[in-house]
């Protein structure tokens with residue numbers, strides 16, 4: 048059966064850039080555009096050349112895309128100007144972008160309140176602007192702003208606006224739910240009405256997530272006749288975000304009702320890179336990925352309840368709607384307070400430890416995990432610390448080095464040149480095979496200085512940690528009811544009393560062979576928590592590389 | 048027009064508790080149950096008594112609910128047992144819960160793979176179990192697990208399962224999309240089929256978000272005949288979460304297509320507490336609320352683009368689908384790199400500073416904000432620091448006290464009793480009116496000790512800060528390209544070089560009159576960043592309380 052072609056249009060770099068806290072650099076934009084092109088997105092909207100220096104620079108030196116059509120965004124001509132003399136349109140046609148998408152109004156209320164011009168003039172503006180772009184040989188598209196609100200308020204006028212664009216040579220008329228308040232059953236009906244009223248019109252859908260229905264609205268529009276769907280990676284976008292293109296790609300490619308009827312540009316290989324592409328955006332934004340994201344979240348195929356885990360181990364289809372590997376994701380079996388034996392056995396297997404379910408040490412491990420989680424540890428993201436904890440319980444981790452004490456000093460003062468400086472220094476006393484080692488380090492913060500001192504001299508272990516690198520460092524403040532239980536010092540101050548706050552530090556480590564591992568530490572004191580994670584990182588490396596045991600501390 | 052009654056069923060405390068990283072205490076559960084009851088949710092599912100100590104304790108001493116029906120969750124009887132002799136069912140009827148919801152299988156594949164019993168036996172198990180609960184005088188409900196997958200695979204068998212429950216006296220048959228893979232158009236069709244096939248049946252919908260359609264699936268089911276809708280606060284739940292009850296409440300109460308047709312138990316006052324209820328859950332979980340959540344997110348009514356901001360100031364309906372105050376949320380105008388003048392003027396107005404748009408100081412402020420954001424500051428969440436920054440540029444903040452230097456020491460060592468302890472001490476040298484003050488503090492961490500020392504002696508300002516309290520402390524590690532720009536010390540170590548990491552500290556402060564304010568600090572050094580936020584907190588309090596100026600630092 049021949050399938051209809053459905054086009055994917057990404058606006059991460061334009062509408063997504065409107066998000067609170069998001070500011071892409073030109074290099075960020077280039078990296079994202081190339082990733083989108085690679086998985087097979089049809090249009091990559093790069094931004095609004097002329098609106099800000101970043102976008103102007105990006106369009107002046109556009110990324111080399113293999114398949115996707117690089118698209119510029121802008122506005123219809125200004126009232127009172129001809130399209131030929133409009134500086135905004137000139138800024139768009141002055142770029143090399145083969146496709147140009149311009150936003151025009153289609154809600155009578157907006158024309159009156161925001162533009163303050165006669166209704167018919169807005170229709171002329173749309174027609175002129177599209178005709179101008181088409182005459183310049185560009186693929187012209189209209190983003191019909193507020194189309195659904197407009198159609199509900201004054202359907203005849205909304206239709207007049209998009210008919211003008213279509214008649215003027217638009218290749219696509221994109222129906223926008225700009226305020227995001229339209230519901231799926233309305234989108235389904237309205238898109239069908241429009242498709243009926245203008246035979247042959249090529250419709251797009253641009254949905255926002257203000258009622259948490261952006262994905263459903265996009266799917267409803269496709270079912271009613273839209274053949275272009277706009278969205279952003281991870282649903283990035285102003286307010287509640289745009290339609291999440293990642294979720295849409297998962298459904299359009301993997302769910303038979305869509306995959307059998309429509310063909311997209313997404314390649315098989317692109318689909319398998321969906322998770323990676325989603326994570327790339329978060330990495331560029333320095334955000335933690337949404338663990339609960341559909342298809343690509345770290346928890347999307349995570350199983351916690353003991354019953355679910357045993358069923359999934361029998362047949363994954365029991366609790367998985369698609370195979371995680373189809374989108375480049377993976378199954379996770381969680382250790383948690385609800386952990387049953389099957390969870391912990393599966394998790395141990397993941398880190399290479401196979402135990403008999405009847406082995407009494409399994410119960411001891413389960414107890415230890417529960418106790419540590421009660422204190423604020425979380426092994427969900429710290430496989431190396433989990434493995435060390437398990438192997439310590441199993442008596443498999445020898446003593447390597449022994450830290451007698453450390454001191455960390457942070458000082459802010461004026462230096463000799465009367466500049467305000469903040470310096471951090473650390474002193475660590477270590478023992479290796481009974482030899483006392485004293486080392487010192489400095490850094491741009493206390494943890495940093497401690498790390499430098501710890502690695503300055505580890506005696507016979509030094510060669511094992513030469514290529515050890517700290518890649519990332521994350522801090523989380525936990526509010527626990529039982530903070531006192533992990534508190535070192537007896538002093539209880541206002542914070543401790545008021546909030547029972549405990550710090551959890553997660554460190555990502557790497558070595559020269561490309562290995563990466565995560566370690567965790569927990570304490571009311573951030574330096575102590577970091578120290579735990581730092582020493583776990585070193586011990587894990589020594590264990591994995593088969594370093595010889597030490598002789599333990601001297602008295 | 049008389050409206051049909053639609054029932055809201057919350058499972059935050061049961062299915063939501065399956066989420067990665069979530070472990071409610073009994074007190075957490077009580078607080079959430081009471082909040083749900085207050086806004087007008089019909090059923091509060093408290094957990095699974097007998098499955099774990101927390102749930103057993105919670106049901107032994109149930110919360111005093113005014114309107115909501117407290118509901119226990121459990122499973123159908125075990126194969127080979129009579130319902131009367133089933134310990135699981137006895138555990139449920141042993142509680143005082145007036146309603147009991149039990150999960151039973153309705154997908155032939157699951158009966159074979161997970162239960163491994165004949166298909167007809169599963170049907171008998173469902174009927175027996177429901178009849179047993181009904182005979183005990185409880186409102187019995189069946190959660191028909193995997194109903195949609197079951198119906199697609201073997202509709203006759205899936206129907207047989209739910210007919211058995213209905214015939215045995217179930218008050219509700221809840222159709223569960225357990226794996227979350229069903230799409231809205233399928234839910235719409237299947238629920239309509241079921242409602243047609245069993246006239247009078249009372250159907251519920253239980254959707255999961257694995258394709259990001261849980262809300263849409265719930266709405267589709269309601270349109271097709273479901274009159275109970277299950278969900279969780281903020282969409283908490285295993286994998287990608289359950290249907291988000293918060294978003295559903297917004298739509299059901301505020302969107303005419305639903306609000307004119309259906310009546311829920313949500314009160315007007317409850318709707319206005321929707322945002323607060325959503326945030327309560329995050330507070331209990333110590334999570335940052337999702338800023339982009341529909342209806343209740345901090346960014347749900349945030350306007351960043353300059354054009355949008357001017358239109359919203361003319362008429363909010365231009366870019367808001369519902370009034371933010373209807374759900375207890377508020378409008379936010381954002382300061383950002385894209386900030387136009389109208390943004391910054393509106394934001395200044397929010398903190399009580401009204402400037403003429405033509406005032407040249409507005410441009411200076413805009414420049415300052417952009418520069419600070421470039422360095423890693425974010426004023427989105429730190430109104431007090433924003434106000435201080437603006438008033439400093441405007442020359443309105445006098446010199447109060449002056450910190451000459453500070454030293455913070457963190458030490459880990461063995462004490463005289465051979466216990467491992469970690470202690471933190473700070474020394475601060477301050478000047479007030481030329482008088483040099485030396486103060487010292489200790490705490491359970493470096494920031495903590497610094498805070499204690501700073502407040503120990505502020506001379507004539509001491510009485511202003513007596514009731515100042517630090518409520519919360521958040522740390523974010525930022526990866527900036529330009530970290531060196533804010534780096535105090537010249538030393539660049541591995542971390543700095545590798546990641547350009549900068550620490551942003553956000554502190555929430557409170558005083559005895561119930562005021563709360565947020566301050567921010569940024570530095571590669573966490574102690575220095577905290578110091579900035581701590582001193583901003585104090586200066587803000589002094590300014591607001593009208594403390595007299597100091598005479599500045601002595602030489």
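Protein chains in written order, with the numbering used here: chain A, 48 to 602; chain B, 48 to 602. Glycine included, every Cβ here is placed at the ideal spot set by N, Cα and C.
Which residues mark the beginning and the end of the alpha helix (DSSP H) in which residue i is found?
i	result
residue 388 of chain A	388-397
residue 466 of chain A	No alpha helix (DSSP H) holds residue 466 of chain A; DSSP gives it neither H nor E.
residue 232 of chain A	231-244
residue 105 of chain A	100-107
residue 566 of chain B	It is not in any alpha helix (DSSP H) - residue 566 of chain B instead sits in the beta strand (DSSP E) that spans 563-570.
According to the Cβ coordinates, are residue i and residue j closer than 9 angstroms?
i	j	result
residue 255 of chain B	residue 287 of chain B	yes
residue 450 of chain B	residue 493 of chain B	no
residue 149 of chain A	residue 211 of chain A	no
residue 585 of chain B	residue 501 of chain B	yes
residue 123 of chain B	residue 146 of chain B	no
residue 461 of chain A	residue 471 of chain B	no
residue 79 of chain B	residue 111 of chain B	no
What's the C-alpha gap between residue i and residue j?
i	j	result
residue 510 of chain B	residue 589 of chain B	10 angstroms
residue 573 of chain A	residue 60 of chain A	37 angstroms
residue 325 of chain A	residue 303 of chain B	36 angstroms
residue 563 of chain A	residue 516 of chain A	9 angstroms
residue 131 of chain B	residue 139 of chain B	12 angstroms
residue 598 of chain A	residue 556 of chain A	27 angstroms
residue 581 of chain A	residue 298 of chain A	42 angstroms
residue 283 of chain A	residue 413 of chain B	25 angstroms
residue 576 of chain A	residue 327 of chain B	28 angstroms
residue 180 of chain B	residue 278 of chain B	23 angstroms
residue 356 of chain B	residue 350 of chain B	6 angstroms
residue 545 of chain A	residue 560 of chain B	Legend: pLDDT at residue 545 of chain A = 32, less than 50; position of this residue unreliable, value from coordinates given subsequently. When rounded, the distance between both Cα atoms is 17 angstroms.
residue 363 of chain B	residue 223 of chain A	18 angstroms
residue 565 of chain A	residue 591 of chain A	14 angstroms
residue 533 of chain A	residue 424 of chain A	Note that residue 533 of chain A has pLDDT 29, beneath the 50 cutoff, so the model's placement of it is unreliable and the number below is only indicative. Approximately 11 angstroms, taken between the alpha carbons.
residue 571 of chain B	residue 549 of chain B	4 angstroms
residue 56 of chain B	residue 128 of chain A	57 angstroms
residue 306 of chain B	residue 53 of chain B	10 angstroms
residue 339 of chain B	residue 329 of chain B	14 angstroms
residue 274 of chain B	residue 250 of chain B	6 angstroms
residue 538 of chain A	residue 489 of chain B	The predicted position of residue 538 of chain A is uncertain, since its pLDDT is 29 and thus under 50; no value can be drawn from it.
Since residue i contacts residue j with CB under 8 angstroms, what's their CB separation in whole angstroms?
i	j	result
residue 402 of chain B	residue 408 of chain B	7 angstroms
residue 242 of chain B	residue 271 of chain B	6 angstroms
residue 475 of chain A	residue 486 of chain A	5 angstroms
residue 484 of chain A	residue 514 of chain A	Residue 484 of chain A to residue 514 of chain A, Cβ: 20 angstroms. No contact.
residue 524 of chain B	residue 569 of chain A	That belief does not hold up - the Cβ atoms of residue 524 of chain B and residue 569 of chain A are roughly 17 angstroms apart, past 8 angstroms.
residue 142 of chain B	residue 96 of chain B	5 angstroms
residue 269 of chain B	residue 262 of chain B	Actually they are not in contact, since the Cβ atoms of residue 269 of chain B and residue 262 of chain B sit about 11 angstroms apart, beyond 8 angstroms.
residue 218 of chain A	residue 192 of chain A	Incorrect: roughly 18 angstroms between the Cβ atoms, too far for contact.
residue 258 of chain B	residue 216 of chain B	No, residue 258 of chain B and residue 216 of chain B are not in contact; Cβ-Cβ is about 34 angstroms, not under 8 angstroms.
What are the boundary residues of the beta strand (DSSP E) that includes residue i?
i	result
residue 223 of chain B	219-223
residue 116 of chain B	116-122
residue 323 of chain A	Per DSSP, residue 323 of chain A belongs to no beta strand (DSSP E); it is in the alpha helix (DSSP H), 321-332.
residue 250 of chain A	250-253
residue 192 of chain A	186-192
residue 513 of chain A	No beta strand (DSSP E) holds residue 513 of chain A; DSSP gives it neither H nor E.
residue 169 of chain A	Residue 169 of chain A -> not in any beta strand (DSSP E); alpha helix (DSSP H) instead, spanning 166-182.
- Task: Take every Cβ of the region 457-474 of chain A, pair it with every Cβ of the region 413-428 of chain A, and state whether three or more of those distances are shorter than 8 angstroms.
- Result: No: the two stretches stay apart, fewer than three of their Cβ pairs being nearer than 8 angstroms.
- Just checking, does the region 146-164 of chain A make contact with the region 196-209 of chain A on the three C-beta pairs under 8 angstroms criterion? Yes, since at least three Cβ pairs between the region 146-164 of chain A and the region 196-209 of chain A fall closer than 8 angstroms, the two stretches touch.
- Message: Within 8 angstroms, do at least three Cβ pairs link the region 84-104 of chain B to the region 62-75 of chain B?
- Response: By the Cβ test, the region 62-75 of chain B is in contact with the region 84-104 of chain B, since at least three Cβ pairs between them sit closer than 8 angstroms.
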